[in-house]
Structure formats: structure tokens, C-alpha cells
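Okay, structure first, notes after.
There are 2 protein chains.
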Amino acid sequence: MKTYLDCYPCFLRQALDAARLAGASDVQQKAILDSALELLCQVELSSTPPAIGGQIHRLVRQETGNHDPYHVVKQESTRQALRLYPRISALVDQSDNPLNTAVRLSIAGNIIDLGPDRKYDLWATVERVLTQPFAVDDRGALRAVLAQAGRVLYLADNAGETVFDRALIEVLNLPVFYAVKGDPVLNDATAPDALAAGLDQVAEIVDTGSDAPGTILECCSEAFRRLYTMADLVIAKGQANYETLSEAGSKVFFLLQVKCPVIARDVGVSLGSIVLKWGSSESENRLEGDE
Amino acid sequence: MKTYLDCYPCFLRQALDAARLAGASDVQQKAILDSALELLCQVELSSTPPAIGGQIHRLVRQETGNHDPYHVVKQESTRQALRLYPRISALVDQSDNPLNTAVRLSIAGNIIDLGPDRKYDLWATVERVLTQPFAVDDRGALRAVLAQAGRVLYLADNAGETVFDRALIEVLNLPVFYAVKGDPVLNDATAPDALAAGLDQVAEIVDTGSDAPGTILECCSEAFRRLYTMADLVIAKGQANYETLSEAGSKVFFLLQVKCPVIARDVGVSLGSIVLKWGSSESENRLEGDE
Numbered sequence: 414m415k416t417y418l419d420c421y422p423c424f425l426r427q428a429l430d431a432a433r434l435a436g437a438s439d440v441q442q443k444a445i446l447d448s449a450l451e452l453l454c455q456v457e458l459s460s461t462p463p464a465i466g467g468q469i470h471r472l473v474r475q476e477t478g479n480h481d482p483y484h485v486v487k488q489e490s491t492r493q494a495l496r497l498y499p500r501i502s503a504l505v506d507q508s509d510n511p512l513n514t515a516v517r518l519s520i521a522g523n524i525i526d527l528g529p530d531r532k533y534d535l536w537a538t539v540e541r542v543l544t545q546p547f548a549v550d551d552r553g554a555l556r557a558v559l560a561q562a563g564r565v566l567y568l569a570d571n572a573g574e575t576v577f578d579r580a581l582i583e584v585l586n587l588p589v590f591y592a593v594k595g596d597p598v599l600n601d602a603t604a605p606d607a608l609a610a611g612l613d614q615v616a617e618i619v620d621t622g623s624d625a626p627g628t629i630l631e632c633c634s635e636a637f638r639r640l641y642t643m644a645d646l647v648i649a650k651g652q653a654n655y656e657t658l659s660e661a662g663s664k665v666f667f668l669l670q671v672k673c674p675v676i677a678r679d680v681g682v683s684l685g686s687i688v689l690k691w692g693s694s695e696s697e698n699r700l701e702g703d704e
Numbered sequence: 414m415k416t417y418l419d420c421y422p423c424f425l426r427q428a429l430d431a432a433r434l435a436g437a438s439d440v441q442q443k444a445i446l447d448s449a450l451e452l453l454c455q456v457e458l459s460s461t462p463p464a465i466g467g468q469i470h471r472l473v474r475q476e477t478g479n480h481d482p483y484h485v486v487k488q489e490s491t492r493q494a495l496r497l498y499p500r501i502s503a504l505v506d507q508s509d510n511p512l513n514t515a516v517r518l519s520i521a522g523n524i525i526d527l528g529p530d531r532k533y534d535l536w537a538t539v540e541r542v543l544t545q546p547f548a549v550d551d552r553g554a555l556r557a558v559l560a561q562a563g564r565v566l567y568l569a570d571n572a573g574e575t576v577f578d579r580a581l582i583e584v585l586n587l588p589v590f591y592a593v594k595g596d597p598v599l600n601d602a603t604a605p606d607a608l609a610a611g612l613d614q615v616a617e618i619v620d621t622g623s624d625a626p627g628t629i630l631e632c633c634s635e636a637f638r639r640l641y642t643m644a645d646l647v648i649a650k651g652q653a654n655y656e657t658l659s660e661a662g663s664k665v666f667f668l669l670q671v672k673c674p675v676i677a678r679d680v681g682v683s684l685g686s687i688v689l690k691w692g693s694s695e696s697e698n699r700l701e702g703d704e
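If you read the protein sequences in the order shown, they are chains D and G. In our numbering, each number is its position in the first sequence, counted from 1, plus 413. In our numbering, each number is its position in the second sequence, counted from 1, plus 413.
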């Protein structure tokens, strides 16, 4: 997905949010904003928003010397989600359709996103997403591809959301590589965040080798790109993975909540929608869901 | 009031909103955004937000060749407010305290503001503001100064809001100069907008000689500055007049709704507050209201 003009104000807001979370002084905040403005003067609209966002957050880390501004927030998100884990597991166990319930829970967990907006009510979101109609519903295709798949690459999004991913991975019953960021950016999960959420118990934790939000393949490590190539199925969580892989084709399934008006327009759905979108062009003639 | 870093994302958003309203093509929108970024690289935080906002809106008008992007919107706002005028007048006529009711109505009309947000429900706002407690309440001081005043300068804000101002001017029973913008900016009232709202029936319509939002005295015409100096009392409507005149001293009274988090912080009140604030430092030990 290309960058829209409406992303520009949001990049500046994110720069300020991250700078403040990193403890930047007023002078540092101004320096970060000035650097962000210079950067935005030079970017190409053909870049994806996470490619530009990645540079903005790198600026913040460099200027403040804070390697991981969202560290404390991520820890708290993981702790909060882990407290809910028994209830999440019980919902899946008691479901007539565990895959469907686990898919919904994994999408519910995608509310833990500090890019677009920092306020949310986690359990209220779970209850909403358990019954909310899908705005794009490729669950039928996902089930079909899963039935044939040997190896799954699962692209993580945010710390805390990891716990909800764990519930989905448990029902997949397939070998899963769980890919987190190579270095901190926003509240995206890194390896320590995934470990704290217990993902090592259900998957092999790997990292993209990149500190950009989403998955910009050309910025990822060779080892990661090999895993990506070899995977039969890629589950891509969250907005940034959609923004960076929307053209990646038929082995990618996007699971997300739409929290940004620009992405809503790009996907062709309303703000607040839940989406399970197949990367295949056949998605337009999608298979029926099976609830 | 100085410019805060949080104003920067908002300047970009305003540039886009105005560009689209002016009918800018995608290429023009990008050019406007690039020029806005360059401008923001150079501005000083000691400037007031309207001084920068004025430059942003000038950019939009120059790039699009549209002298008044908000022309149609302003006409519709005025028509909508005029339809309510009989109800507004009746509220004042039937009030036990006409000045108080008219002050509240004038503040209610300040919701017609396309800078911070373009959505509002006009009559619901009237009903809310008629009973909402003031977050800053210098009505006692206003009444005291009015009792001594010979000549009032009333600084208008938005088209449509003009109709609500008319109701307040009618109860003042003093000679009033009603000052609008010298040239179009945002949905701020200009002389034709004030005429369409019937302000010539209750006041002498003058203009600031400037196309900046608010009242930047050094950018105003000499004729306007003379009026400002000679006035015994200045009623300054809306956020931009607060932003540009907050240091102007004891003859200015600010009447506004707080629709922007930066201004909320500067005034020391919550978002959504209604404010009648005296420019005097004595405002801190304010006189009692008289409802």
C-alpha cells in the first residue's frame, strides 16, 4: 500500500508521541519534529507508510538515545493480556468452532496498537470482536489453505497481542515460525516480548532482522526471507503488515482491526471493521465462511 | 499564545482539508503539502498558531487559485444560523437575564468552526451551552466593564456565528464596531458574510485588513488598529482571537468554546469547555458571576 497524503499529519503525531514516551525534553522534541519535517520533504509517496514510519521512529531513538521508548508499555500490555489468557483459552476450548473463535480472538488482540490511538478497552474489544460481522471474510479460504499447509509463518504485530496469537497458534496444530521485529519499533513485539508471552511454547520465535513496522521484505534478514519463501502460508497480523504486504499475493492472509481511516479506504471497509483478507486476487470471489 | 509542537500535525491536516475544499487535484494537494512542510521547517514557535495557519491557508489559495475555498460552506452556515435566528431572539427576549443568555448564545455559535473539526449539531450545541457551567467565568467583570464602556469593538470569528453575535450585540445597547477579516481565510466571516447575517442592522461592520485567522495587530490595517486603540472594550470571539490576543490585557474579553486540546491546556480547562475569560491579570481573582 502506498503512502497517502493523510498519513503525513499522523507521522508528525507519532513522532511527538514516541518522543514524549522516550522522555525527550522540549528541545529534543522540537529537534525530532524538525528532522521529521525534513524527512517528510524527501519521502516518496510510493513508499509504504511503515517504511516512512520506521524512519520516524529511528529518528526518535537516535535523538533521545532511548533504544526502546515503548519498553514499559509493552511489558504492561503483555502482563495485562496474560492475565486474560485463561479466559481466552477457555473461550477457544468451549467453542463449537475453535479455529473461528481463535481467529476472532487474534483479531481482537490487534486493538493493542499504539500507532493510531492509545486508548482501548481490551476485554470490551474481545466481546465485540467475538460477534462482530467480518467486513472482509476469507475464513473459508484460510481454512482451505490451512488444510494443505505444512509450514506456517506467523507475522506478529504488537506486544500483548502476542498472547492472543498464542491461542490461535494452539489450534492451528501445525509447525509455526512466529516472526517478531529484529529491533524495537513502536509497541511491536520483539523476541523478549514474545518470550514473555509464552510464544516459545507453541512456536519457534524468529525475527525479521528489521526495525521497521510491518514486514518490508527487502529490509529483512536473508534468514527471514528464506523462511518467508519456504512458508506455505503466511498469517500477517495488523495494519502495518497489510500496508507492507498488500501486494504480496496468495499465500498471505491478513488479520486485522481497521483503526485508521486511510487503511479503511484502501481496504474498502469502514473504520472499526474486522478483516480477514486473503492476499490472492481470488479474494474478490471469495469462498464462503463457515460459521 | 505561542505555537505548540502539537499544532504541527494540525497545520498539515488543515492544509489538506482546505486544499480538498478548494478543489485541488492530487498533484496540487501534494504540492501544497510539500510547501506546508517547507514552511513548517522555518517557522518560529514564538509565532502564534493563527500566524502560521494564515500562511498555510494563503498557500492553498495561491496553489489552487481559489480565493475563497470556504465560500459555499460559509453561505450555508449563515443560512442555517439565520433559520434559527427567531428562536435565538426569542430565547433572549424571554430570559430573566438577557445579557447572560445572549453571551451563552454567542458562545454556542462558536461551534461553527471548520478549523479543528467539521462536524457539529448546531441546535444541540445551543441547548448544551445554555446550561453548561463556565470553565472560566468572568461574566461579573464583563458586566462591570460594560457598564462603563462607551465604544465596543467586537472581533468576529466564523460565518454563521455572526448571527449569534447579532443577538448579543442587540442586548449590549452600545455603539459597536463589528470587525471581520479583510480577506477570506478558513470559514472566518468577511464583510459580505456579516452583511448576509444582518450585522449592519446592529453594528458598524469594519474589517481587520488582514487575512490571518484571529487578530494579529501588526498585520492589521492602520484604520483597524486605531479602532482597537480607541475601543473601551474588546469582545474577542473564538479560539484564534484567544491565540493571537491572549497577552493583550484588560480591555479584552474572550468568548469561546474550547475545541482543541492545545488551547484547552493553555487556558487550563477541559476540551469542550465554554469560556468567558477576561484578558486582565485580575481575572485570576475574578468577580462573581451573576446568574
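Note that the Cβ used here is the ideal one computed from N, Cα and C, for glycine as well.
**Prompt:** Should P674(G) and D419(G) be called a contact, given that it needs their Cβ atoms to be closer than 8 Å?
**Reply:** For P674(G) and D419(G), yes; Cβs fall inside 8 Å.
**Message:** Quick check: what's the CA-CA separation for W646(G) versus L453(G)?
**Reply:** Checking the sequence shown, residue 646(G) turns out to be Leu, not Trp. Using only the alpha carbons, I get a separation of about 35 Å.
**Prompt:** If you draw a straight line from the C-alpha of L543(D) to the C-alpha of D601(D), how long is it?
**Reply:** One Cα belongs to L543(D), the other to D601(D), and the distance between them is close to 24 Å.
**Message:** Counting C-beta neighbours from all protein chains within 10 Å, is the total for E476(G) 16 or more, i.e. buried, or is it exposed?
**Reply:** Result: buried.
**Asked** Does the pairing of the region 566–575 of chain G with the region 481–492 of chain G give three or more beta-carbon distances under 8 Å?
**Response** Cβ pair count under 8 Å is three or more, so yes.
**Item:** Separation of R500(D) from I582(D), as counted between CA atoms
**Value:** Each residue's alpha carbon lies about 16 Å from the other.
**Asked** What does DSSP give as the partner residues of Y591(G) in its beta bridges?
**Response** For Y591(G), the pairing in a beta bridge is given by DSSP as Y567(G), I618(G).
**Prompt:** Quick one, which of R678(G), K532(G), T621(G) has its alpha-carbon nearest L568(G)'s?
**Reply:** Selected option, being the one with the closest Cα: T621(G).
**Message:** Which same chain residues end up closer than 7 Å to L630(D) when comparing Cβ atoms and leaving out the 5 residues on each side of it in sequence?
**Reply:** The residues are R638, Y641.
**Request:** Counting only the same chain and skipping the five closest in sequence on each side, list residues whose C-beta sits under 6 Å from that of L555(D).
**Result:** Non-local beta-carbon contacts of L555(D) in its own chain, meaning distances under 6 Å to residues more than five positions away in sequence, involve F666 in chain order.
**Span of the beta strand (DSSP E) around A548(D)** = Its beta strand (DSSP E) spans residues 547–550.
**Nearest-angstrom beta carbon gap, P463(G) and A625(G) [assumed within contact, 8 Å]** = About 6 Å separates the two Cβ atoms, so the contact holds.
**Item:** Rounded separation between G685(G) and K650(D) - CA only
**Value:** Each residue's alpha carbon lies about 36 Å from the other.
**Request:** Report yes or no: is there a C-beta of chain G within less than 8 Å of the C-beta of Y591(D)?
**Result:** No - not a single Cβ of chain G is within 8 Å of the one on Y591(D).
**Asked** Does DSSP put L543(D) in a helix, a strand or coil?
**Response** Looking at L543(D) - three-state DSSP - the assignment turns out to be helix.
**Message:** Using DSSP's beta-bridge definition, name the partner residues of I469(G).
**Reply:** Here I469(G) is not bridged, per DSSP, to any residue.
**Asked** In chain G, which residues lie with their C-beta within 7 Å of the C-beta of Y421(D)?
**Response** The contacting residues are L425, L446.
**Request:** Tell me, to the nearest whole angstrom, how far the beta carbon of E656(D) is from that of T461(D); I am working on the premise that it is less than 8 Å.
**Result:** Approximately 5 Å separates the beta-carbon atoms of E656(D) and T461(D); this is inside 8 Å, confirming the contact.
**Request:** Excluding the 5 residues preceding and the 5 following A562(D) in the sequence, name in chain order all residues of the same chain whose CB lies nearer than 8 Å to its CB.
**Result:** So the qualifying residues of the chain are L587, D645, L646.
**Item:** Interface partners of C454(G) on chain D, CB under 8 Å
**Value:** For a Cβ distance threshold of 8 Å, residue set D447, L450, E451, C454 of chain D lies close to C454(G), ordered along the chain.
**Request:** Provide the residue(s) that pair with D601(D) in DSSP beta bridges, ordered along the chain.
**Result:** Under DSSP, D601(D) takes part in a beta bridge, and its partners are N571(D).
**Asked** Under 8 Å between C-beta atoms, does Q468(G) make it to chain D?
**Response** Taking 8 Å as the threshold, the shortest C-beta distance from Q468(G) to chain D does not fall below it.
**Asked** If you run the structure through DSSP and keep just helix, strand and coil, what is K690(G)?
**Response** Here K690(G) carries a strand assignment [DSSP, helix/strand/coil].
**Request:** Return the first residue and the last residue of the alpha helix (DSSP H) that Q442(G) is part of.
**Result:** Looking at the DSSP string, the run of the alpha helix (DSSP H) that includes Q442(G) is 439–455.
**Asked** Looking only at C-alpha atoms, which of Y533(D), A521(D), A557(D), P546(D) sits nearest to E540(D)?
**Response** It is A521(D).
**Request:** Count the other C-beta atoms from every protein chain shown that fall within 10 angstroms of the C-beta of D534(G), then say buried if there are 16 or more, exposed otherwise.
**Result:** If you draw a 10 Å sphere on the C-beta of D534(G), you find fewer than 16 other C-beta atoms in it, and that means exposed.
**Request:** Measure the C-alpha to C-alpha separation of I687(D) and S519(D) and round it to an integer number of angstroms.
**Result:** Rounded to whole angstroms, I687(D) to S519(D) spans 11 Å at the Cα level.
**Message:** Does the structure place the region 467–474 of chain G close enough to the region 421–437 of chain G that three or more beta carbon pairs sit under 8 Å?
**Reply:** In short, these stretches touch, since the Cβ pair count reaches three.
**Where the beta strand (DSSP E) containing A649(D) begins and where it ends** = Run containing A649(D): 646–650, per the beta strand (DSSP E) assignment.
**Message:** Could you check whether the Cβ of Q442(G) sits closer than 8 Å to any Cβ belonging to chain D?
**Reply:** Yes, because at least one Cβ of chain D sits closer than 8 Å to the Cβ of Q442(G).
**Prompt:** Around the C-beta of Q614(D), are 16 or more other C-beta atoms found within 10 angstroms, so that it is buried, or is it exposed?
**Reply:** By the C-beta density criterion, Q614(D) is exposed, having fewer than 16 other C-beta atoms within 10 angstroms.
**Contact set between L434(D) and chain G, taken where Cβ atoms lie within less than 8 Å** = Contact annotation for L434(D) against chain G: no contact, minimum CB-CB distance about 14 Å [criterion: below 8 Å].
**Request:** Would you tell me roughly how many angstroms separate the C-alpha atoms of V516(G) and V486(D), rounded to the nearest one?
**Result:** Straight across, the Cα-Cα distance linking V516(G) with V486(D) is about 45 Å.
**Item:** Beta-carbon separation (whole angstroms), R552(D) vs P422(G), contact threshold 8 Å
**Value:** About 37 Å; that fails the 8 Å criterion.
**Prompt:** Short check: CB of S448(D) to CB of K415(D), under 8 Å?
**Reply:** No; because the gap between Cβ atoms is not below 8 Å, this pair is not in contact.
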